[in-house]
Every structure is written in C-alpha cells, then in structure tokens.
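Read in order, the letters of the sequence shown are residues 4 to 205 in our numbering.
In this text, a Cβ means the ideal position worked out from N, Cα and C, and glycines have one as well.
Before any comments, here is the structure.
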Amino acid sequence: MLDRHIRPFIDPPLNKLGQHVALMGLSANMVTLAGLALGLAAGLAIVFEAFFVAILLILASRLADGLDGAVARARGVTDFGGYLDITCDYVFYATIPLAFISLDPQAHGVVGAFLLLSFYVNAGSFLGFAVLAEKKKMRSDARGVKSLYFTGGLLEGTETIAFFLLLCLFPTAFVPLAFGFALLCLITAVARVALAAKVFRD
C-alpha cells in the first residue's frame, strides 16, 4: 500500500548510489545475493536474541534489495536478475518468521506456521497475477521498473519490513503481531484474487 508513495523519495538517491556501485564493477546479482546473506544473518541474530543487530541487518538487507534494481538499471536489466531478485526476496520473507519460530517453538510454532501459510498464499496470488499480466502484456511502473508486473495490495514490501522491525522491537508480542499480520496478508491475497477475476475475465 505504501510502496508507490515512497518510491519518489527513495529512487533518486538509490539510482545515484547504484551508478557508483556499477562503476565499481559489482553486478546487480551480486548485490541481490549480498542482500540475501544479510537477511539470513538477521534471522540468525534473532535466534540468538540479538534483536538490535537483527534490526540493523534487516535494514541493510533491504537497502541491498533496493540497490540491486538501481545497479541493474545502470548496467542493464536482465530477466534472470529479476528472477533471482524475487526468489531471494521470498527466501528472506520466510527467514524472519522461521527465526522467531526457532526462538520459541512452543509459544510461536502454531502462529508462526499460520504466518508462513499467509505468506505462501499471498505469494501465490501475486505470482499468479504476474504470470497472467505478462500474458496480457500488461505494464506498470508505479512501483519502479520491475521484471514482473507488481499488483498493489493492503500489504506490500514496506509494510512487511515495518512488521519485521516491530517484531524485533517487541519480540514478546510475536503471537498477536504475527496473527494480525497473517490475517491482513490473507485479506490482501483475497483482494488480489478478486482483482484477477475482474481483470482476467474472458
């Protein structure tokens, strides 16, 4: 919901930084994988209850996630780069809930599994829409130039990162926070299915 509104503010500095990174010889895929490594490290920090470190690593990971697109625009966008980016994103999105489940399986297990289920459903609705949008040659740059067609929703990347940071700030509130966010994820997925029914009706 917030992604398109913050794009005008974050894209210009990211594009400038991306040009410098590209001149250093780093590829967009290298930045993508670095972002994934930082995200995995954030999950490990959560398991060891180093929540402040996890916050810094999450922020650094998402900076890399935004930067890889800027580097790609500077060096040339590739289909594989877009594929790698979305794959690494979903690995990261699963890592943080899994870390909280590992932190306290008895208290967090069921709600954590429900949260991961909601992510899975939401991802399926998003990727399915993207496939059909490509088939229909639909294009949108509201959320920046992307390899896939990005549909809006109640919850997007910005809200998810804010949620992860909130979990790290208030880890004892994982159960109510995760349950509420999972419900919102499912609402987002249902809304996207309804949109698909309208857009792709033959």
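N-terminal and C-terminal residue of the alpha helix (DSSP H) that residue i is part of
i	result
Lys138	108–138
Arg195	177–202
Secondary structure of residue i, DSSP reduced to three states
i	result
Ala53	coil
Glu159	coil
Phe103	helix
Gly28	coil
Phe167	helix
Met141	coil
Arg146	A caution first: Arg146 carries a pLDDT of 46, below 50, which makes its placement in the model too unreliable to give a value.
Pro174	helix
Near the ligand MG: residue i beta-carbon under 7 Å from a heavy atom
i	result
Leu169	Within the structure as shown, the ligand MG is missing, as the structure has no ligands at all.
Nearest-angstrom Cβ-Cβ length linking residue i and residue j, presumed shorter than 8 Å
i	j	result
Ala192	Val124	5 Å
Leu20	Ala73	6 Å
Leu120	Ile49	Rounded, the Cβ-Cβ distance is 20 Å, inconsistent with contact.
Ala289	Gly46	Residue 289 cannot be examined here, being either before or after the span of the chain that is shown, 4 to 205.
Cys171	Ile58	5 Å
Leu17	Gly69	5 Å
Arg78	Ala126	28 Å between Cβ atoms; not a contact.
C-beta neighbour in chain B for residue i, strict 8 Å
i	result
Phe203	Looking for chain B here will not work: only one protein chain is present.
### Task
Could you tell me which uninterrupted beta strand (DSSP E) segments, each at least 3 residues in length, are contained entirely in the stretch 56–97, listed from first to last along the chain?
As far as the stretch 56–97 is concerned, it has no whole beta strand (DSSP E) run of at least 3 residues.
#### Entry: Three CB pairs or more closer than 8 Å across the stretch 60–68 and the stretch 112–130
With a cut-off of 8 Å, the stretch 112–130 and the stretch 60–68 do not count as touching, because too few Cβ pairs lie within range.
### Query
Do the stretch 133–142 and the stretch 70–86 make contact, defined as three or more Cβ pairs closer than 8 Å?
Because the criterion of three Cβ pairs below 8 Å is not met, the stretch 133–142 and the stretch 70–86 do not touch.
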